[in-house]
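Engineer:
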Amino acid sequence: MPAGPHGLLTARELMRNCVETSKSDEMTPTEVFSAYKLAEFPPTFHRMFEAKPVDQKIYKPDLKGPLHRPQYHLWIKPVLDIGTDPLMQQYMAAYISDSTMVETAILPHLARGFPFSMAFSLDHCLWFHQTKFDINEWMLWEQTSDFAGNSRTHTRARLWTRTGDLVMTAVQEGLARPVRKDS
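Going by the UniProt record's numbering, the first residue of the sequence shown is number 1, and it counts up by one from there.
(1) Helix, strand or coil: which one does DSSP assign to residue 124?
(2) According to DSSP, is residue 169 helix, strand or coil?
(3) By the three-class DSSP mapping on this structure, what secondary structure does residue 183 have?
(4) Do the stretch 169-179 and the stretch 116-134 make contact, defined as three or more Cβ pairs closer than 8 Å?
(5) Going by CA-CA distance only, name the one from 106, 71, 126 and 107 that's closest to residue 92.
(6) Less than 7 Å between the C-beta atoms of residue 162 and residue 138, yes or no?
(7) With a CB to CB cut of under 6 Å and the five nearest residues on each side skipped, what residues in its chain are close to residue 46?
(8) Taking residue 80 as the reference, which of 70, 135 and 118 has the closest Cα?
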């Protein structure tokens, strides 16, 4: 398991830092995306969940290195205790699963100048491997994207307990469109 979650900033704090520390009048695509997420991403998500990226530089990437397979790992848990009902535990895990998978696929492309205009999920599949788990505790949401191109994304993800038990697997095809250049 990677380090954390204690001592890590939340995703919202990192996005805010990305936007506030912009050094030019013209924002980079990553800064535009962070501003968009701050303004448009459902505020209910940040009131419902505390999400802490393992890579604290995820919104300020190194542009000099090679483009690697996109990965986005979050420590995540609900802000409020949701109880122990197994179905509610699964509902919350499913909600988490559709929150950042397209983002995982496009973040490195944004850093290299991809002019983002819209992104959303097209197909989403879940497999629960454990029937009893406690979503109230910190869990690792591990995401890897195998493909982003031709306006499509493909991302795989796994939800782990802190003790290393695999709870859920997800696969998602998403749509990510660039800004249209009108002729």
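Positions of the beta carbon are idealized from the N, C-alpha and C atoms, including for glycine.
Structural biologist: With the structure as the only source:
(1) Sequence index remark: in the sequence shown, residue 124 carries index 124 (1-based). Residue 124: strand per DSSP, three-state reduction.
(2) Along the sequence shown, one-based indexing puts residue 169 at 169. In the three-state reduction of the DSSP assignment, residue 169 falls in the strand class.
(3) The sequence position of residue 183 within the sequence shown is 183, counting from 1. Legend: pLDDT at residue 183 = 46, less than 50; position of this residue unreliable, value from coordinates given subsequently. If DSSP states are grouped into helix, strand and coil, residue 183 belongs with coil.
(4) Enough Cβ pairs lie closer than 8 Å, so yes.
(5) The residue labelled residue 92 in the question sits at position 92 within the sequence shown. For the residues 106, 71, 126 and 107, the minimum Cα distance to residue 92 belongs to 126.
(6) Taking the first residue of the sequence shown as position 1, residue 162 is located at position 162. Taking the first residue of the sequence shown as position 1, residue 138 is located at position 138. Less than 7 Å divides the Cβ of residue 162 from the Cβ of residue 138.
(7) Counted from its first residue, the sequence shown places residue 46 at position 46. Excluding positions up to five away in sequence, the list reads 12.
(8) The count along the sequence shown starts at 1 and reaches residue 80 at position 80. Nearest option by C-alpha distance: 135.
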